[in-house]
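S.K.: Before we start, here is the structure in question, set down as structure tokens.
Residue numbers (this note's numbering), protein chains in the order written: chain P, 2 to 244; chain W, 90 to 264.
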């Protein structure tokens with residue numbers, strides 16, 4: 002069996018390594034379980050620390066935008082950019098003309114925005130049996146005034162994400178059908194369930210009376226929409242609103 | 090006309106792809122360069138190069154590593170074009186304060202300052218793993234290292250970071 006030093010070395014290299022031998026060691030070693038919980042709390046802070054704020058108004062040059070002027074930007078940054086901006090402008094002009102003919106501009110629906118957000122956090126989709134430390138989960142859920150009961154299952158990922166101008170809980174729950182993403186959208190209302198299947202993600206957005214809505218997504222060909230709906234209902238049933 | 094519509098749809102998809110990836114690309118460039126203005130320059134130039142070379146991106150699922158490779162090359166080119174002055178890390182933290190402290194969680198400032206102090210060879214694989222969601226094999230491919238070397242760097246990165254942050258490291262293993 003793996004010893005504690007080996008286990009902790011592996012954990013420090015990749016705290017979410019799904020290797021079965023690591024899980025086996027963790028099950029049998031209380032000290033390493035505690036070590037894992039503390040490290041995952043540190044990891045959650047590390048993830049948030051790395052997600053530094055970036056300019057909201059920034060649009061890819063190819064899309065016709067340019068970053069807002071920044072008074073704190075050093076001069077050398079501005080000077081080196083000027084030449085490229087001129088080049089970008091010519092590319093953009095051509096793009097702008099073509100834009101008038103575009104027939105397939107992505108719709109800015111709630112479902113599309115949720116799917117786009119998923120693509121920004123691919124590491125959340127790992128299959129694992131390691132839960133997020135309780136304190137880290139509470140931190141994420143606190144601002145949305147809710148907590149989860151054990152019925153929700155193993156929550157392996159929890160982050161407070163910027164979404165449509167608000168911070169929202171982004172969770173990954175491990176289910177028998179694999180990892181399922183849940184976004185608690187207290188500021189978004191839907192009048193009826195919205196089912197979607199876009200860019201490899203399928204899911205449903207369901208109304209939560211008095212508390213906005215809940216987006217539940219799966220990735221890949223399975224599970225089907227019916228299973229996703231079932232999971233959505235289960236997650237919804239495990240939420241306790243605290244306000 | 091049909092070809093034109095197809096081309097326009099393709100461009101629209103590429104544009105949406107750039108839009109969705111740009112925040113993390115900016116973050117990656119920032120942690121790579123430790124300089125906000127330079128990060129924005131590098132990402133801007135990356136977008137232009139990517140725009141011109143979009144036909145070489147055959148699989149959208151591989152877009153992230155594709156962009157990251159361009160960013161790393163652009164960052165390397167920025168050294169060829171200019172000679173940078175070495176700066177003190179404390180000065181760097183103060184200069185980048187608006188970006189570092191913009192998040193709601195002020196307690197993360199210490200962790201960010203520690204990240205800036207990590208040697209480049211440790212910080213980069215850590216950012217690829219934690220922020221960009223790369224597997225060990227993908228990091229190894231991107232940095233042209235063996236898998237074992239990547240794991241060693243990730244281990245040392247977290248170990249140093251925890252010491253810099255004053256975490257309880259009494260149970261951390263020795264190398």
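Glycine included, every Cβ here is placed at the ideal spot set by N, Cα and C.
#1: Kindly indicate the opening and closing residues of the alpha helix (DSSP H) around residue 251(P).
#2: At a Cβ threshold of 8 Å, is residue 256(W) touching chain P?
#3: List the residues of chain W whose Cβ lies closer than 7 Å to the Cβ of residue 36(P), in chain order.
#4: Would you identify the three-state DSSP class for residue 204(P), choosing helix, strand or coil?
#5: Is there a C-beta anywhere in chain P that falls below 8 Å from the one on residue 218(W)?
#6: Just by C-beta distance, which residues in the stretch 10 to 39 of chain P are closer than 7 Å to chain W?
#7: Can you give the beta carbon distance from residue 249(W) to residue 217(W), rounded, assuming they're within the 8 Å contact cut?
#8: Using the three-state DSSP reduction, which class does residue 156(P) fall into: helix, strand or coil?
#9: In chain W, which residues lie less than 7 Å from residue 50(P) when you measure between Cβ atoms?
#10: Say whether the stretch 162 to 177 of chain P touches the stretch 193 to 210 of chain P, bearing in mind that this needs 3 or more beta-carbon pairs closer than 8 Å, one atom from each stretch.
#11: Should residue 237(W) be labelled buried (16 or more other beta-carbon atoms within 10 Å of its own) or exposed?
#12: Could you tell me the alpha carbon to alpha carbon distance between residue 91(P) and residue 200(W), rounded to whole angstroms?
#13: At least one CB of chain B closer than 8 Å to the CB of residue 117(P): is that the case?
#14: Count the other CB atoms within 10 Å of the CB of residue 146(P); is the residue buried (16 or more) or exposed (fewer)?
#15: Quick one, which of 156(W), 150(W), 220(W) has its alpha-carbon nearest residue 142(W)'s?
#16: Helix, strand or coil, according to DSSP, for residue 165(P) in the structure here?
#17: Quick check on the burial criterion: 16 or more other C-beta atoms within 10 angstroms. Buried or exposed for residue 252(W)?
#18: Suppose you measure from the CA of residue 148(W) to the CA of residue 23(P); what does that come to, to the nearest Å?
#19: Going by alpha carbons, who is nearest to residue 120(W) out of 223(W), 254(W), 211(W)?
#20: I need the DSSP call for residue 146(P), collapsed to helix, strand or coil.
#21: Measure the Cβ-Cβ separation of residue 205(P) and residue 163(P) and say whether it is below 8 Å.
#22: Under a three-way DSSP split, which group does residue 192(W) fall into?
#23: Identify whether residue 186(P) lies in helix, strand or coil by the three-state DSSP scheme.
#24: Using a Cβ cut-off of 7 Å, which residues of the stretch 180 to 213 of chain P contact any Cβ in chain W, in chain order?
#25: Examine chain P for any beta-carbon lying closer than 8 Å to the beta-carbon of residue 230(W), and answer yes or no.
#26: Taking the CB atoms as reference points, tell me whether residue 154(W) and residue 227(W) lie closer together than 8 Å.
#27: Give me, in chain order, the residues of the same chain whose beta-carbon lies closer than 6 Å to that of residue 17(P); leave out the 5 immediate sequence neighbours on both sides.
#28: As a quick exercise: from 151(W), 213(W), 221(W), 246(W), pick the residue whose alpha carbon is nearest that of residue 233(W).
#29: If you draw a straight line from the alpha carbon of residue 105(W) to that of residue 19(P), how long is it in whole angstroms?
#30: With a CB to CB cut of under 8 Å and the five nearest residues on each side skipped, what residues in its chain are close to residue 37(P)?
#31: Confirm, please, whether the CB-CB distance from residue 213(P) to residue 189(P) is below 8 Å.
#32: Count the other C-beta atoms from every protein chain shown that fall within 10 angstroms of the C-beta of residue 1(P), then say buried if there are 16 or more, exposed otherwise.
#33: Take residue 242(W) as the anchor and find which of 163(W), 225(W), 257(W), 165(W) has the nearest alpha-carbon.
#34: Using only the alpha-carbon positions, how far apart do residue 164(W) and residue 42(P) sit?
#35: How many angstroms separate the CA atom of residue 35(P) from the CA atom of residue 125(P)?
#36: Return the chain-ordered list of same chain residues with a C-beta closer than 8 Å to the C-beta of residue 8(P), the five sequence neighbours on each side being excluded.
M.R.: Working from what's here:
#1: Because residue 251(P) is not part of the residues shown, which for chain P are 2 to 244, the question remains open.
#2: Here residue 256(W) refers to the residue found at position 167 when the second chain is read from its first residue. Closer than 8 Å to some Cβ of chain P, the Cβ of residue 256(W) qualifies, so yes.
#3: Taking the first chain and counting its residues from 1, the one referred to as residue 36(P) is at position 35. At a C-beta separation below 7 Å, residue 36(P) has these neighbours in chain W: 260.
#4: Reading the first chain from its first residue, position 203 is the one you call residue 204(P). Three-state result, residue 204(P): strand.
#5: Walking along the second chain from the start, residue 218(W) turns up at place 129. Output row for residue 218(W): interface = yes.
#6: Within the stretch 10 to 39 of chain P, those residues whose Cβ lies closer than 7 Å to any Cβ of chain W are, in chain order, 10, 13, 14, 15, 36.
#7: Locating residue 249(W) in the second chain gives position 160, counting from the first residue. Locating residue 217(W) in the second chain gives position 128, counting from the first residue. With 8 Å as the limit, residue 249(W) and residue 217(W) do not qualify as a contact, their Cβ atoms being about 17 Å apart.
#8: Taking the first chain and counting its residues from 1, one reaches residue 156(P) at position 155. In this structure, residue 156(P) counts as strand in the three-state DSSP scheme.
#9: Walking along the first chain from the start, residue 50(P) turns up at place 49. In chain order: 197, 200, 201, 204.
#10: As far as the Cβ criterion goes, the stretch 162 to 177 of chain P does not touch the stretch 193 to 210 of chain P, which means the pair count is below three.
#11: As a working note, residue 237(W) is residue 148 in the second chain. Taking all protein chains in view, the Cβ of residue 237(W) is surrounded by fewer than 16 other Cβ atoms within 10 Å, so the residue is classified as exposed.
#12: Along the first chain, read from residue 1 onward, the residue named residue 91(P) stands at position 90. Along the second chain, read from residue 1 onward, the residue named residue 200(W) stands at position 111. For residue 91(P), the predicted model reports a pLDDT of 48, less than 50, meaning its position is unreliable and no value from the coordinates is stated.
#13: Within the model displayed, chain B is absent; protein chains P and W are what it includes.
#14: Start at 1 with the first residue of the first chain, and residue 146(P) comes out as number 145. Under this definition residue 146(P) is an exposed residue.
#15: Within the second chain, residue 142(W) is the residue found at index 53, counting from 1. Of 156(W), 150(W), 220(W), the residue nearest in Cα terms is 156(W).
#16: Locating residue 165(P) in the first chain gives position 164, counting from the first residue. DSSP places residue 165(P) in coil when its eight states are reduced to three.
#17: Counted from its first residue, the second chain places residue 252(W) at position 163. Result: exposed.
#18: Translated into the one-based positions of the second chain, residue 148(W) becomes position 59. Translated into the one-based positions of the first chain, residue 23(P) becomes position 22. So the alpha carbons of these two residues sit roughly 34 Å apart.
#19: Numbered from its first residue, the second chain carries residue 120(W) at position 31. Residue 120(W) has its Cα closest to that of 211(W), out of 223(W), 254(W), 211(W).
#20: By 1-based counting over the first chain, the position of residue 146(P) is 145. Reduced to three states, the DSSP call for residue 146(P) is coil.
#21: On the first chain, position 204 is the one that residue 205(P) refers to. On the first chain, position 162 is the one that residue 163(P) refers to. No, the Cβ-Cβ distance between residue 205(P) and residue 163(P) is not below 8 Å.
#22: On the second chain, position 103 is the one that residue 192(W) refers to. Any reading at residue 192(W) needs caution, since the residue's pLDDT is 45, under 50, leaving its predicted position unreliable; the model's value is listed next. Residue 192(W) carries a coil assignment under DSSP once its states are collapsed to helix, strand and coil.
#23: Reading the first chain from its first residue, position 185 is the one you call residue 186(P). DSSP places residue 186(P) in strand when its eight states are reduced to three.
#24: Across the stretch 180 to 213 of chain P, no CB contact with chain W closer than 7 Å is found for any residue.
#25: Position 141 of the second chain, counted from the first residue, corresponds to residue 230(W). No, residue 230(W) lies away from the interface with chain P (no Cβ there is under 8 Å from its Cβ).
#26: Here the question's residue 154(W) lines up with position 65 in the second chain. Here the question's residue 227(W) lines up with position 138 in the second chain. Yes; because the gap between Cβ atoms is below 8 Å, this pair is in contact.
#27: Within the first chain, numbered from 1, the residue matching residue 17(P) stands at position 16. Once the five neighbours on either side are set aside, the close Cβ partners of residue 17(P) are 127, 129.
#28: In the second chain, the residue the question calls residue 233(W) occupies position 144. Measuring from the Cα of residue 233(W), the nearest candidate turns out to be 213(W).
#29: On the second chain, position 16 is the one that residue 105(W) refers to. On the first chain, position 18 is the one that residue 19(P) refers to. Approximately 32 Å, taken between the alpha carbons.
#30: Numbered from 1 along the first chain, position 36 holds the residue referred to as residue 37(P). Beyond the five residues adjoining it in sequence on each side, residue 37(P) comes within less than 8 Å, by CB distance, of 12, 16, 27, 131 in the same chain, given in chain order.
#31: As a first step, residue 189(P) is located in the first chain; it is residue number 188 there, counting from the start. As a first step, residue 213(P) is located in the first chain; it is residue number 212 there, counting from the start. Yes, the Cβ-Cβ distance between residue 189(P) and residue 213(P) is below 8 Å.
#32: The structure shown does not extend to residue 1(P), since chain P is modelled only from 2 to 244, so the question has no answer here.
#33: Residue mapping note: residue 242(W) aligns to position 153 of the second chain, counting from 1. When each option's Cα is compared against that of residue 242(W), the closest is 225(W).
#34: As a first step, residue 164(W) is located in the second chain; it is residue number 75 there, counting from the start. As a first step, residue 42(P) is located in the first chain; it is residue number 41 there, counting from the start. Looking at the two C-alpha atoms, the distance is approximately 32 Å.
#35: Here residue 35(P) refers to the residue found at position 34 of the first chain. Here residue 125(P) refers to the residue found at position 124 of the first chain. For residue 35(P) and residue 125(P), the distance between alpha carbons rounds to 22 Å.
#36: The residue labelled residue 8(P) in the question sits at position 7 within the first chain. These residues qualify, in order along the chain: 23, 26, 27, 30, 33.
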